[in-house]
Amino acid sequence: MDTKFIKDQALQKFKLEHYNEAIQLLEQAAKNNPSDPEIYYYLGWFNHYNAYDSRPLKGYNYENSEKIFTYLDKALQLNPNYGDAKYFYGAECSGNAFKSMQNYDLDKLKYFYKKAFDKGAYPDWLLEYGRNFLKSAEPNAIIFAGGNADFDVCSYLQLHENFRTDITLIPIGNIDRPWYVKFLKDGLEGGVKKIHISLTDVQIKDIHPFKWKPTTVAIKVSEEDQKKYNLGIKNTFNWEVNPDLTSDRMHAKSENEIASKRSYLSPQRAI
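Per the working numbering, residue 592 is the first one in the sequence shown, and the count goes up by one each step.
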C-alpha cells in the first residue's frame, strides 16, 4: 500500500481521536518506508496525544515517554531541521516535568527542561521572548502563562539560567488541578517559589465545579494602590463572574418554580 495513502489515513483517524488506530497505520508505514522522517514525527506526535490528551485512566508510564522520544529522535536524525519534531520533543519533556512537580523532584524537573533545550525545542527567538516576558514583570510578580510555549521556556530560564527567579509562573490550564494548586502552595525548594494560598489542604483536594449564577465579586484595593494610582475614594473593583459550564439537566428548587438548566463555575474560573 502507498505510504502517502497510509499517512493520510492515519491523519484522518487522528482527527477523529482514534489515536491507537492512527498509530498502528503509521507503524505499518514505517516498515514500508523507514527513511521518512515525517512518519516518525507523526508517531511521536500521536503517541504524545495518546498519553496526555486522551487522558488514559491507566497504562501510562515512562516507557511510553521513552518510545515517544525514540520516534522524535529518529525524525530528527533523518531531518535535523524538522522544527515540529523539536516542538513535540519539548512538549513531551514538559509532560515529564509536570510529573516531576507532582513528585516534588527538583533534579528530574531540571533534567527534562535541559533535555528539551539540548534538543533545540527552545529556539533563540523563543528564549528571547521568554526573557522579555519575565523582564516585563515587577519584582516578585505572579505571571499567568497561556500555555506550554511561554511557561516552559520561562521555567527553563529560571531553573538553568537563574533568570528572574523571584517571579512565580502559573499556567492557566493547570489551576483546576488540585495537585498543582497544592504544589504552588508548597513550592519546591531551590526551584519553584511558593505563593500564599488561603485554601486549606482539604479545600484544595475538594476543588470541583460549583453550581453558580452570574455573581459580582467585590475586590478590595489596598490603600497603597489607591494612592499610587490616584483612585480617590473608590476602593473596590467589581468583577462579574459568570458560569462557564452547563448541564442539560433541568431542575427547580421549589414548587411552581420554572425549571432551568443547571449552570456551573469551573474550578479554573473559581480559583
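Ideal Cβ positions, reconstructed from N, Cα and C, are used throughout, including at glycine. Predicted, not measured: the structure shown is a model, and the values here were computed from it.
Looking at the structure shown, is residue i part of a helix, part of a strand, or coil, going by DSSP?
i    : result
Y610 : helix
F742 : helix
F605 : helix
K677 : helix
S691 : helix
K804 : coil
A736 : strand
E752 : helix
A682 : helix
N623 : helix
E618 : helix
N731 : coil
N765 : helix
A861 : helix
Between which two residues does the beta strand (DSSP E) holding residue i run?
i    : result
L760 : 759-762
D839 : 836-842
L856 : 851-856
By Cβ distance, which residues of its chain are closer than 8 Å to residue i, with the 5 residues on each side in sequence left out?
i    : result
D777 : Y695, K785
F637 : A601, F605, Y610, A613, I614, L617
H751 : K701, Y704, K705, F708
N829 : T807, V808, A809, I810
A850 : M841, H842, A843
A728 : I734, R755, I758
K665 : P628, Y631
D839 : K852
S656 : A642, E683, G686, N687
S854 : K802, W803, K804, P834, L836, T837, S838
Is the CB-CB distance between residue i and residue j below 8 Å?
i    : j    : result
Y673 : A712 : no
T806 : V772 : no
F735 : I761 : yes
R755 : L779 : no
P628 : N670 : yes
L697 : G782 : yes
I630 : A621 : yes
L667 : K658 : no
H639 : E683 : yes
A740 : L717 : yes
First and last residue of the alpha helix (DSSP H) that includes residue i?
i    : result
K705 : 697-709
K776 : 769-777
F724 : 715-726
S656 : 653-669
A642 : 628-643
V783 : It is not in any alpha helix (DSSP H) - V783 carries neither H nor E in the DSSP assignment.
D593 : Taken as a continuous stretch (DSSP letters only), D593 belongs to no alpha helix (DSSP H), as it is neither H nor E.
I795 : 792-796
Looking only at its chain, what residues have a beta carbon closer than 6 Å to the beta carbon of residue i, apart from the 5 residues adjacent to it on each side?
i    : result
Q859 : I766, D767
L856 : F801, W803, P834
G721 : V744, C745, L748
L634 : L617, Y662
I795 : P769, V772, K773
I763 : F735
I798 : P769, P858
Beta-carbon within less than 7 Å of residue i's beta-carbon, same chain only, minus the 5 sequence neighbours each way: which residues are those?
i    : result
A732 : I758
D675 : Y632
I788 : V772, L775, K776
T827 : A809, I810, K811, V812
P730 : D757
- Item | Start-end ranges of the alpha helix (DSSP H) lying completely within the region 810-835, minimum 4 residues | 814-819
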